[in-house]
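Keeping their order, the protein sequence lines are chains B, L and X. Just so you know, we're using this note's numbering here: the first sequence kicks off at 413 and counts up by one. Just so you know, we're using this note's numbering here: the second sequence kicks off at 413 and counts up by one. Just so you know, we're using this note's numbering here: the third sequence kicks off at 413 and counts up by one. We put the CB at the ideal spot given by N, CA and C, even for glycine. All values derive from a computational prediction rather than experimental measurement. First comes the structure, then the notes that go with it.
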Amino acid sequence: MKAITAIIRPEKLEKVKNNLVEVGCYGMTVTEVKGRGRQLGIRESYRGKEYHIDLLPKTRLDIIINDDKVEEVVDTIVKSAQTGDIGDGKIFILPVDDVIRIRTGERGEKAV
Amino acid sequence: MKAITAIIRPEKLEKVKNNLVEVGCYGMTVTEVKGRGRQLGIRESYRGKEYHIDLLPKTRLDIIINDDKVEEVVDTIVKSAQTGDIGDGKIFILPVDDVIRIRTGERGEKAV
Amino acid sequence: MKAITAIIRPEKLEKVKNNLVEVGCYGMTVTEVKGRGRQLGIRESYRGKEYHIDLLPKTRLDIIINDDKVEEVVDTIVKSAQTGDIGDGKIFILPVDDVIRIRTGERGEKAV
Ligand SMILES: Nc1ncnc2c1ncn2[C@@H]1O[C@H](COP(=O)(O)OP(=O)(O)OP(=O)(O)O)[C@@H](O)[C@H]1O
Ligand SMILES: Nc1ncnc2c1ncn2[C@@H]1O[C@H](COP(=O)(O)OP(=O)(O)OP(=O)(O)O)[C@@H](O)[C@H]1O
Ligand SMILES: Nc1ncnc2c1ncn2[C@@H]1O[C@H](COP(=O)(O)OP(=O)(O)OP(=O)(O)O)[C@@H](O)[C@H]1O
Ligand SMILES: [Mg+2]
Ligand SMILES: [Mg+2]
Ligand SMILES: [Mg+2]
């Protein structure tokens, strides 16, 4: 089992969610976050003054998934969230030791 | 050391927190999130129309704990958060390499 | 690659962010959270009555970083976020299997 964390543009959430259903990926947790990447945010000018906005609004998805689905889920997120411009986001994959479904007490792959 | 992430019903937070204290589990981080499980949210009707609510409000708990406490903490969360209806939530256990207490610089098990 | 999660005092975010740039650590994700440590929050009195505030506002930073930078990043967060009073926060280090930059599809260390 793996934990896939994706930080995406908020306006891409709907498309990512729908396309994940198409590949059989249902469960997910969504958190509103802010973030910066390598470019440290953006510069904007407003009424002739320059502002540096460091942390931009992003959407964080957390998905726990069985190993055999990881590549399909990553591909789906990349394809659905990509615009080609800087700031499209990141995906992180972490190892998971165990999963428990609270309703039934089931554990491991069948609890995912 | 392990990272236990639990996604629970918001109305169960108080009970989960109190019961964790009883088993000596104090530190935790709480985040307001939204999520969907295998059933992809719920259908509701309002004034004769059907609505599909995809992401429901949930509460995320993050608890870093020493290995010998993991089973007791998982049991306590399951017992405190369970209603028996779908949507009771999930628990994920991830491996942790190290912990640091910022005030003292302590590391490892004694920093948990 | 490692995932560094730091829970800090919200008023320390600005200093931590700036000092991380100094050591070449740019990308990060920031989440507003609440938490308690070993002391289970604080007791406050207001108009002669005592209140127990269990969960205090904290700021969560998530930073994915290559292994050779971990110690420098941890040191920088500790030095920037420390006041010496209880409640300064915690840092957790978790192993990471893979990272993907969504814009380019790059993977691994160069995607961090
Ligand atoms: N190293 C990192 N650790 C944690 N979060 C990160 C990291 N890098 C990026 N993020 C998160 O991803 C969001 C989007 O980052 P972004 O796509 O700008 O990454 P990037 O590496 O700068 O790639 P690009 O060159 O395509 O902009 C950030 O706002 C932040 O929330
Ligand atoms: N695979 C998953 N990855 C990440 N988060 C998940 C996953 N499955 C569930 N969650 C989170 O847990 C919350 C509750 O899920 P839920 O209890 O409905 O899971 P389930 O597997 O559908 O179990 P049940 O059949 O008991 O409903 C979701 O709203 C979501 O935030
Ligand atoms: N074991 C833990 N698991 C998850 N989050 C924790 C844990 N311990 C602390 N935290 C998070 O860190 C925040 C700050 O904790 P705090 O600094 O009070 O830790 P502490 O261990 O009590 O150290 P101190 O004795 O210096 O107060 C908490 O509000 C919570 O969000
Ligand atoms: Mg960027
Ligand atoms: Mg469900
Ligand atoms: Mg404390």
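In the DSSP assignment, find the unbroken beta strand (DSSP E) run with residue i in it and report its ends.
| i | result |
| --- | --- |
| V511/X | D510 to R513 |
| L473/X | L468 to I477 |
| R455/L | I454 to Y458 |
| A415/B | K414 to I420 |
Take residue i as the anchor and find which of the options has the nearest alpha-carbon.
| i | options | result |
| --- | --- | --- |
| L468/L | I498/L, K491/L, K481/L and G453/L | G453/L |
| K470/X | E462/X, T516/X and A493/X | A493/X |
| G449/L | R450/B, G436/B and Q451/B | G436/B |
| K424/X | T495/X, I512/X and V524/X | T495/X |
| K481/L | E456/L, E521/L, G460/L and I419/L | E521/L |
| E411/X | I465/X, Y458/X and R472/X | This structure cannot settle anything about residue 411/X, because the visible part of chain X is limited to 413 through 524. |
| D466/L | F504/B, G439/B, V524/B and D510/B | G439/B |
| D510/L | K461/X, V511/X and E483/X | E483/X |
In the DSSP assignment, find the unbroken alpha helix (DSSP H) run with residue i in it and report its ends.
| i | result |
| --- | --- |
| K427/X | L425 to E434 |
| D487/X | V482 to A493 |
Within the same chain, show all residues whose beta-carbon is closer than 6 Å to that of residue i, passing over the 5 residues directly before and after it, in chain order.
| i | result |
| --- | --- |
| A415/B | I476, L506 and V508 |
| D474/X | T417 and T441 |
| Y463/L | E456 |
| K461/B | none |
Where DSSP assigns a beta bridge to residue i, which residues make up the other side?
| i | result |
| --- | --- |
| V445/L | K470/L |
| I505/L | D510/B and I416/L |
| K461/B | Y458/B |
| R450/L | Paired residue(s): none; R450/L is not in a bridge. |
Who are the near neighbours of residue i in its chain, counting only those whose CB is closer than 8 Å to its CB and skipping five residues on each side?
| i | result |
| --- | --- |
| K491/X | N431 |
| T488/X | V428, N431, L432, E434, V435 and C437 |
| V485/B | I416, L432, V435, C437, I475 and I477 |
| G421/L | Gly is not the amino acid found at residue 421/L; the sequence shown has Arg there. Counting only Cβ-Cβ distances below 8 Å, and skipping sequence neighbours, we find K470, T471, A493, T495, G499, D500 and G501. |
| V524/B | M413, G439, I476, I477, N478 and V511 |
Excluding sequence positions up to five away, which residues of its chain have a Cβ less than 7 Å from the Cβ of residue i?
| i | result |
| --- | --- |
| F504/B | T417 |
| R459/B | none |
| Q451/B | I498 |
Does the CB of residue i have a neighbour CB from chain D at under 8 Å?
| i | result |
| --- | --- |
| G517/X | The structure shown contains no chain D; its protein chains are B, L and X. |
Is the region 513-523 of chain X in contact with the region 497-508 of chain B, if contact means three or more CB pairs nearer than 8 Å? yes
Report yes or no: do the region 438-451 of chain L and the region 435-450 of chain B share at least 3 C-beta pairs separated by less than 8 Å? yes
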